[in-house]
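Worksheet: the structure to be examined is printed underneath.
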């Protein structure tokens, strides 16, 4: 058995203490070195993040300035296009208003002419009727005078017949007076009997109403006494029942208060015991949770550093990808915007061409149709329908195998070219009709003579033109 002296024990304790201090210092140094390295990594990542954020903010500002410049450029172009469109719209509206005013003035002129003709016709009609009525009255008075004179001569010649007639009239008048007197006597007797019956009925009604009023008053008085007695009995009974019910309610309220007080004391004791146990249990759970979190903190710090590095790398790659996508979207948007500008320019050109065509038609109407827009549009639409109908008819006859070009030429009028101007189609100058060449879509082997270029009125438009009163102005031109 080994024996230890006091010096060796002291030396051994000193060595163990030194070794323990060395181990503690080495662990602390290792921990501080690890904390310093982690702190250095965090600060380095923080500085890198700040630098990346500064670069991102600068690039974002440049991108925003570029977008604002593009938006300002687009708005300036759109403003110029809008000004052009608005000017053209104002001019077109002015032309439309002028055309509407001229159309309204023409309608008012036609209406004034029609009203003047109608007033003249009515005055002439009334005057003729008055003359005819006056002549009829004069003729009737003459006929009556002649008849009366003839009757007077005839009665004078027949005196005996006049005496008989007078006697007959006197007898008839006396019989009528007797009938009137007898009917009056019967009516007065009937009225007297009705008056007596009414007086008797009124007297009996008064007697009966007096007795009924006394009987009803007595019944109401007896009912009021019985009702008052019943109300007094009901009041006494209600007071008795109310006192009995109040006493029972008071006893029940006292018992309920005692039960509530007992249950409240028991609940307070149970709540205090439960609260103490819950507090101890929660404190133990919090202590265990704090120990576990303290152990997991070191692991989470290292994992957070790795995850932060991965997130920075992922964010950088995502930023590069978004930058490329944004550049491609910008190029696509610029291409789309250029296409939109080209489309708007083409639409503006089309609108200008349509306005020029409308202006030409208005000038043509002012020049050759005396500003009669309604008749001009009717003639224009009629010529268009006639051309389409003629083309369909030519196509239909061309598809028939049993027809020849000569039979088609006899039944179908020559179709005008679609590119022919309105001045040739709608004006219809007869002096240049004989020199007009044949349309290119008609075969040359068919003998054609000079044809009329004036818009012939089709048969299906004649009823509408007659109803609107325009046929007298169009029909001579059509034929």
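Numbering (my numbering), first residue to last: 3 to 481.
A virtual CB, placed ideally from N, CA and C, is assigned to each residue, including glycine.
Computed from a prediction, not measured in an experiment: that's the story for all the values here.
- Burial state of residue 378 is buried, judged by a 10 Å Cβ sphere holding 16 or more other Cβ atoms.
- Here the alpha carbons of residue 108 and residue 374 stand approximately 7 angstroms from one another.
- Going by C-alpha positions, residue 96 is about 57 angstroms away from residue 322.
- Around the Cβ of residue 367, a 10 Å sphere holds 16 or more other Cβ atoms; the residue is buried.
- DSSP places residue 142 within a helical segment (H, G or I) once states are collapsed to three.
- Taking the Cα positions, residue 206 is about 37 angstroms away from residue 182.
- Contact check between the region 75-86 and the region 355-366: fewer than three CB pairs, one atom from each, fall below 8 angstroms, which does not count as touching.
- For the 8 angstroms CB-CB criterion, residue 314 and residue 27 do not form a contact.
- In the assembly as shown, residue 219 is an exposed residue. Its beta-carbon has fewer than 16 other beta-carbons within 10 Å.
- The region 302-309 and the region 33-51 touch, with no fewer than 3 CB-CB distances between them shorter than 8 angstroms.
- Shown here, residue 371 sits in coil according to DSSP, grouped into three states, outside any helix or strand.
- Here the C-alpha atom of residue 165 lies approximately 10 angstroms from the C-alpha atom of residue 171.
- Contact between residue 76 and residue 339 holds: their C-beta atoms lie close to 7 angstroms from each other, under 8 angstroms.
- Along the length of the region 173-254, whole beta strand (DSSP E) runs at least 3 residues long do not occur.
- Going by beta carbons, residue 351 and residue 79 fall outside the 8 angstroms limit.
- Put simply, the backbone Cα of residue 129 is about 15 angstroms away from that of residue 119.
- A residue is called buried once 16 or more other Cβ atoms fall within 10 Å of its Cβ, and residue 380 is buried on that count.
- A distance below 8 angstroms separates the beta carbons of residue 376 and residue 105.
- A distance of 8 angstroms or more separates the beta carbons of residue 300 and residue 47.
- Between residue 101 and residue 336, the CB-CB gap reaches or exceeds 8 angstroms.
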